[in-house]
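Novice: Shown below is the structure under consideration.
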Amino acid sequence: MKKLMVIAAVALLASCTVKKEVDQYTIDQFYKNVNTWFSGFSPDETKILVSSNETGIYNVFEISLGDGSKRQVTSSTDDSYFAVGYVHGTGQILYSADKGGNEINHIYLLGEDGSTVDLTPGDEVKASFNGFSPDKKVMYFSTNGRDPQYFDLYRMNVGEWKPEIIWENTEGFDYSGSTRDRNILALAKSITTSENRLFLFDRVTGRTTEISEADKPGSYSASGFSNDNASFYYTTDVGKEFAYLVKYDIATGGREVVYEADWDVRGCSFSRNEKYRMIMVNEDARIKLKITDQSTGQDVVWPDIQGSNIEDLAISESEKYLLLGLGTSRTPGDLYLYEFGGTDMKKLTNNLNPEINPANLTEAEVVRYASFDGLEIPAIYYKPLTATKKNKVPAMVLVHGGPGGQAMTYYDPLIQYLVNHGYAVLDVNNRGSSGYGKSFFKMDDRNHGDKDLKDCIWGKKWLQTLEYIDSENIGIIGGSYGGFMTMAAMTSAPDEFKVGVNLFGVTNWLRTLKSIPPWWGSFRESLYNEMGDPFTADSVRLYNISPVFHGQNVKHPVMVLQGANDPRVLQVESDEMVEAIRSAGVPVEYVIFPDEGHGFVKKENEIKAYSQIREFLDKYLKGTGEES
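Throughout, my numbering is defined as the position within the sequence shown, counted from one, plus 1.
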């Protein structure tokens with residue numbers, strides 16, 4: 002750990018300066034932090050089931066609500082195991098896992114004796130858990146075992162574990178929820194990434210009712226059903242820029258706007274007996290939660306965690322407890338337990354490495370800047386605490402995944418690691434990002450790698466206006482679609498960025514769109530509508546925007562990181578991209594992880610990846626080779 006002395010301006014006494022110590026942390030220290038995700042309360046509500054990566058890979062744990070003690074349930078060392086839930090009336094547990102990041106998830110039953118049974122076998126069968134019946138005697142799940150492209154709905158009686166199909170998906174719908182008895186199903190049909198159709202299918206009568214309106218195209222998303230099967234809740238942006246919540250009367254077809262805001266309403270859910278209604282809103286890169294006690298009409302107020310983001314949420318079946326996952330941009334999320342009517346929140350986890358003082362990390366700031374055409378672009382900005390006019394720092398423009406993703410103010414270990422070591426980071430929400438209205442979201446359709454890329458370039462120009470930024474040493478970094486944007490910048494605007502870091506990014510749209518995994522079958526058409534159909538004349542434009550065909554244009558160093566088991570961006574794409582850059586005589590570093598897919602989940606791999614990223618940046622942006 003190094004001590005750096007920096008000069009900090011005192012807000013109230015601008016003419017004075019004070020010395021401030023800032024600790025720098027190693028990548029190993031950052032990865033002693035833990036991620037914990039909630040999966041369910043135990044039947045007696047004395048414990049919770051969680052997924053945690055404290056062993057270096059995700060495993061299943063139990064946490065006592067009484068004393069916070071933790072018990073490890075699974076002991077995988079190869080593949081991540083993610084908790085699904087308790088099997089009531091037994092000592093058994095369900096968990097989900099794939100193989101090496103191939104995204105072909107199965108549901109497993111863990112017995113009281115430690116034995117494991119694959120409930121959804123099949124080499125190419127992908128399965129998703131869809132809940133239990135109200136009496137907990139039946140488990141529902143979906144798989145693509147019958148048709149690799151589409152997911153059917155099944156049931157299994159607990160204890161017997163024999164699958165029985167209850168809905169056969171022959172038309173490419175996406176299952177989006179159901180009534181508790183599974184007699185009425187909510188089904189979605191994608192048209193584009195910003196437009197879809199929504200239906201209710203009655204399994205008893207065989208009747209299908211369209212909820213979306215033909216003369217009112219837009220986005221429709223199921224939120225759930227009332228306990229009495231009388232009402233269906235959904236969000237839509239029809240007629241407005243932002244999504245709002247609608248209540249649909251199943252018997253009459255009547256509609257009532259229940260809740261709307263100046264931002265997207267993410268969805269609505271209810272506690273088991275509908276005492277509480279929970280509404281989540283995406284408010285300027287931060288998730289806000291509104292819980293209403295429907296018996297009184299009053300909003301629930303819980304103790305505030307300053308600057309926190311909602312990352313996890315559940316209400317126990319007794320409606321006694323609220324479980325919240327809360328984090329900040331400087332601290333990973335922790336789980337908190339709140340007893341309704343109380344005044345305190347019990348902290349159940351301590352996921353921040355005690356060696357790290359959050360005061361030495363940077364708080365995310367939402368900023369806005371004008372792009373090339375005057376359009377206002379929102380972004381999340383991280384300024385190093387060491388940055389001053391006399392101590393200029395290099396910077397990185399970060400591009401999120403997608404298309405259509407969104408940069409949020411959540412804790413990100415790579416960002417904080419880089420910022421802690423003297424790199425400013427601008428996490429851009431370029432046009433085409435979600436969260437800022439449907440017009441903004443549609444702005445990159447059939448225009449990828451052009452105006453959205455210019456938004457990133459103008460982000461670089463905004464950084465260059467800051468007096469403490471080393472304006473000659475700014476790079477670009479991104480994963481998945483952000484990796485495409487990185488390589489698009491390095492090939493189509495080769496003079497703009499000093500370096501590029503591509504994490505499993507698309508570089509050949511023709512191959513990617515033709516090799517979409519079969520389980521994306523229902524989404525394929527909408528993706529083609531947004532990106533272009535590689536089997537038509539669109540192939541010309543897709544060729545032109547694919548960086549792999551323009552590697553000869555690259556002028557500055559590039560780093561590429563790739564998982565060998567990635568089903569979305571095949572390794573061959575990165576292989577070819579690297580070879581194209583090498584043929585141009587430009588420095589390129591290539592790191593392949595044989596046991597990862599689309600993204601890295603093992604701590605040892607994240608440590609290796611992110612330490613090498615920093616070494617690469619130190620070499621080409623700082624001209625140093627510091628140890629990580």
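All C-beta atoms in this analysis are idealised placements derived from N, C-alpha and C, irrespective of residue type, glycine included.
(1) Can you tell me which of the three DSSP states P379 falls into?
(2) Could you tell me the alpha carbon to alpha carbon distance between N503 and W264, rounded to whole angstroms?
(3) Give the single residue among K321, Y337, S319 whose Cα lies nearest to the Cα of L327.
(4) How would you call W162, buried or exposed, if buried means at least 16 neighbouring beta carbons within 10 angstroms?
(5) Counting C-beta neighbours from all protein chains within 10 Å, is the total for S76 16 or more, i.e. buried, or is it exposed?
(6) For G624, which three-state DSSP category applies?
(7) Rounded to the nearest angstrom, how far is the Cβ of G483 from that of V400, given a contact under 8 Å?
(8) If I'm right that L419 touches R615 with Cβ under 8 Å, what's the distance once you round it to whole angstroms?
(9) In the DSSP assignment, what are the bridge partners of Y611?
(10) Which ranges would you report for the beta strand (DSSP E) in the region 54-113 if only whole runs of at least 3 residues count?
(11) Would you report the Cα separation of P519 and L386, rounded to the nearest angstrom?
(12) Pick helix, strand or coil for T466, following the three-state DSSP scheme.
(13) Jot down the residue ranges of each uninterrupted beta strand (DSSP E) in the region 101-176, minimum 3 residues, whole runs only, in chain order.
(14) Ordered along the chain, which non-local residues of its own chain (more than five positions away) have a Cβ less than 6 Å from that of K443?
(15) Would you call the region 300-309 and the region 430-437 touching, i.e. three or more CB-CB distances under 8 Å?
(16) Since D313 and L325 are thought to touch, with beta carbons under 8 Å apart, how far apart are those beta carbons, to the nearest angstrom?
(17) What ranges does the beta strand (DSSP E) occupy inside the region 376-448, keeping only unbroken runs of at least 3 residues that lie completely in it?
(18) Let me see if you follow: with CB-CB separation under 8 Å, is I470 close to chain D or not?
(19) When you compare each of K289, P588, S516, S540 to C269 by their alpha carbons, which one comes out closest?
(20) With DSSP collapsed to three states, give me the class of T537.
(21) By how many angstroms is the C-alpha of G178 removed from the C-alpha of N131?
(22) Can you tell me which residues form a DSSP beta bridge with L314?
(23) With a threshold of 16 other CB atoms inside 10 Å of the CB of F42, please say whether the residue is buried or exposed.
(24) Is the region 500-517 touching the region 141-153 in the sense that three or more CB pairs, one from each, lie closer than 8 Å?
(25) What residues in its chain sit with their C-beta under 6 Å from that of L543, if we drop five residues either side in the sequence?
(26) Under the DSSP definition of a beta bridge, which residues are partnered with K190?
(27) CA-CA distance, G479 and A610?
(28) Could you pull out every residue in the same chain whose Cβ sits closer than 7 Å to the Cβ of A585, ignoring the five residues on either side in sequence?
(29) Return the CA-CA distance between S319 and L454, expressed in angstroms with no decimal places.
(30) If you count every other CB in all the chains shown that lies within 10 Å of the CB of E165, and 16 or more means buried, which is it?
(31) At what residues does the beta strand (DSSP E) containing Q563 begin and finish?
(32) Between N60 and S70, how many whole angstroms is the CB-CB distance? I'm expecting something under 8 Å.
(33) Spatial neighbours of S191 within its chain, please: C-beta separation below 8 Å, excluding the five flanking residues on both sides.
(34) Could you compute how far the alpha carbon of P135 sits from the alpha carbon of R181?
(35) Among V259, V500, N170, which residue has its Cα nearest to the Cα of V589?
(36) Which stretch, first to last residue, makes up the alpha helix (DSSP H) that contains T492?
Specialist: If we stick to the structure as given:
(1) strand
(2) If you take the alpha carbons of N503 and W264, they lie about 31 Å apart.
(3) Y337
(4) Sixteen is the threshold: since fewer than 16 other Cβ atoms of the shown chains lie within 10 Å of the Cβ of W162, the residue is exposed.
(5) exposed
(6) When secondary structure is reduced to three states using DSSP, G624 falls in the coil class, being assigned neither helix nor strand.
(7) 4 Å
(8) 6 Å
(9) For Y611, which the question treats as bridged, DSSP gives no partner whatsoever.
(10) 60-65, 71-73, 83-87, 94-98, 107-111
(11) 47 Å
(12) coil
(13) 107-111, 117-119, 128-133, 139-148, 151-158, 165-168
(14) S195
(15) no
(16) 7 Å
(17) 377-383, 394-400, 425-429
(18) Protein chains in the displayed structure number just one, and chain D is not present.
(19) K289
(20) coil
(21) 8 Å
(22) Note: L314 sits in a beta bridge opposite L325.
(23) buried
(24) no
(25) Closer than 6 Å at Cβ, skipping near neighbours: W510, L511, G533, P535.
(26) R198
(27) Rounded to the nearest angstrom, the two C-alpha atoms are 13 Å apart.
(28) G552, Q553, V555
(29) One alpha carbon belongs to S319, the other to L454, and they sit about 50 Å apart.
(30) exposed
(31) 559-564
(32) The Cβ separation is near 16 Å, so there is no contact.
(33) When the five nearest sequence neighbours on each side are left out, the beta carbons in the same chain lying within less than 8 Å of the beta carbon of S191 are those of D175, N197, S523, F524, E526, S527, in order along the chain.
(34) Approximately 7 Å, taken between the alpha carbons.
(35) V500
(36) 482-493
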